[in-house]
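> Taking mature numbering (1 follows the signal peptide of the UniProt record, and there is no 0), I'd label the letters of the sequence shown as residues -21 to -1, 1 to 346.
My questions all concern the structure below.
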Amino acid sequence: MKPWLQLMFFHCVFLIWHTKAEFFTSIGQMTDLIYAEKDLVQSLQEYIRAEEEKLSQIKRWAEKMDILTSKSASDPEGYLAHPVNAYKLVKRLNTDWLELENLVLQDTANGFIANLTIQRQFFPTEEDETGAAKALMRLQDTYKLDPETLSRGNLPGTKYRSSLTVGDCFGMGKTAYNDGDYYHTVLWMEQALKQHDDGEDTTVSKVEILDYLSYAVFQFGDLHRAMELTRRLISLDSTHERAGSNLRYFEKLLEKEREEKEKEESVNKTVTPTEAMVQSGAYERPLDYLPERDIYEALCRGEGVKMTPRRQKRLFCRYHDGNRNPHLLIAPFKEEDEWDSPHIVRYYNVMSDEEIEKIKQLAKPRV
């Protein structure tokens, strides 16, 4: 990706996401969450080690007692004939088993639970999770990315690849559904279903996915596909009351549609292109957004941002001394023309790494 295009990419992402000061809009706060999660993982590992040590002690005790009781139970009278054995039996039942009971009742989770409770007050809220999902959908629309591309984490210019699970895709679709956004509901529920059908391990059931997907498809007027999905749902769960009710409703609508179609054919009318498109399962994004949205989305994608060779020849690199500013006479800035109209320039090596870090720290509460 070209430097100017990469810069535009992140600038557009910032404009899209920076709606209000929530976790998903703040790089500084998100960075803090990463360290908080790392601390929780370390705390969890300490808890696991404590539990493993506790279970190890219990296991050693059980193995020792298994050997001992096998011997004593095979010949109780002979075993108790030895006075030491009689004493140790009484001692074990009175003292040693009590110590084991205390060990079993010992709660090693206190430290982890305390840490989790403290950290939880700084966790993102349900609103933050919804906002992050919507931001990802806006990114999806802006760069015309299909759900599978996002799910696989195949994003240009990113360093660390991360994929979405069935549960993640289902969560995206559910967020869209709750917002009345059936366009994205269909896209993400279809992706969740695809990954589920491919055998991905998940706690989300196909019934749940099909329930949301069939209704969202119905909202687009695709009655045939809604029925197909509902029938598949019922084949998986025949006791699903809502699905059964929906199927009966869809069948009535389909019968009504057939009757109307027969009437149309009787007067030489045919299905319109729009109806044919809906029946094919091709769903378009609703046009209930600002006209400027198409413009800035195209700008973010680098579409329509072209410069002729003649204009490119007018772009130069130079040293900039700030109109002979005394501070810049000895070490002027490196200046490069990025665009001619409006005039956009890029400066290099203006600040040291230490100064950059200082500015980042000062800006962190607001970024």
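For glycine and all other residues, C-beta sits at the position ideal for the given N, C-alpha and C.
DSSP on D316, reduced to helix/strand/coil?
Looking at D316 - three-state DSSP - the assignment turns out to be strand.
> Which of the three DSSP states, helix, strand or coil, is assigned to I309?
Three-state result, I309: coil.
> Exposed or buried, what is F101 when buried is set at 16 or more other beta-carbons lying within 10 Å of its beta-carbon?
F101 is exposed by the Cβ-count criterion.
> Let's see if you can read the secondary structure: which residues bound the beta strand (DSSP E) around H299?
Residues C296 to H299.
> Just verifying my parser: in three-state terms, what is the DSSP assignment at Y326?
Y326: strand per DSSP, three-state reduction.
> Out of curiosity, what's the CA-to-CA distance linking I37 and P103?
Near 39 Å, if we compare the C-alpha coordinates of P103 and I37.
> With C-beta atoms as the reference, is K33 less than 8 Å away from T87?
Yes. Within cutoff.
> Can you find a CB in chain B that lies within less than 8 Å of the CB of S214?
Judged by its chain identifiers, the structure shown contains no chain B, having just a single protein chain.
> Where do the N-terminal and C-terminal ends of the alpha helix (DSSP H) with S142 fall, by residue?
Looking at the DSSP string, S142 is not in any alpha helix (DSSP H), and its letter there is neither H nor E.
> Would the beta-carbon of E315 fall within 8 Å of that of R303?
In this structure, R303 does not lie closer than 8 Å to E315 by Cβ.
> Which class does L286 belong to by DSSP, given the choice of helix, strand or coil?
In the sequence under discussion, the amino acid at residue 286 is Met, which differs from the Leu named in the question. It is coil, neither helix nor strand.
> Could you give the distance in angstroms between the alpha-carbon of V183 and the alpha-carbon of Q8?
Answer to the nearest angstrom: the Cα atoms are 30 Å apart.
> Figure out for me which residue from V63, N64 and R99 has the closest Cα to the Cα of D11.
Nearest C-alpha to D11: R99.
> If G90 and Y194 are in contact, beta carbons under 8 Å, what's the gap, nearest whole angstrom?
The Cβ separation is near 46 Å, so there is no contact.
> Ends of the alpha helix (DSSP H) at D45?
Unbroken alpha helix (DSSP H) run through D45: I6 to S53.
> How big is the Cα-Cα spacing for A342 and P265?
Cα to Cα, the separation comes out at about 38 Å.
> State yes or no: is the C-beta of P135 within less than 8 Å of the C-beta of W167?
Cβ atoms of P135 and W167: not closer than 8 Å.
> Pick from K70, L118, L59 and E80: whose alpha carbon is nearest that of R272?
Per the Cα distances, L118.
> Do the stretch 295 to 312 and the stretch 139 to 151 meet, that is, are 3 or more Cβ pairs less than 8 Å apart?
No, the stretch 295 to 312 is not in contact with the stretch 139 to 151.
> Hey, V165 and V196: beta-carbon distance below 8 Å or not?
Contact flag set, yes.
> Count the other C-beta atoms from every protein chain shown that fall within 10 angstroms of the C-beta of I188, then say buried if there are 16 or more, exposed otherwise.
Under this definition I188 is a buried residue.
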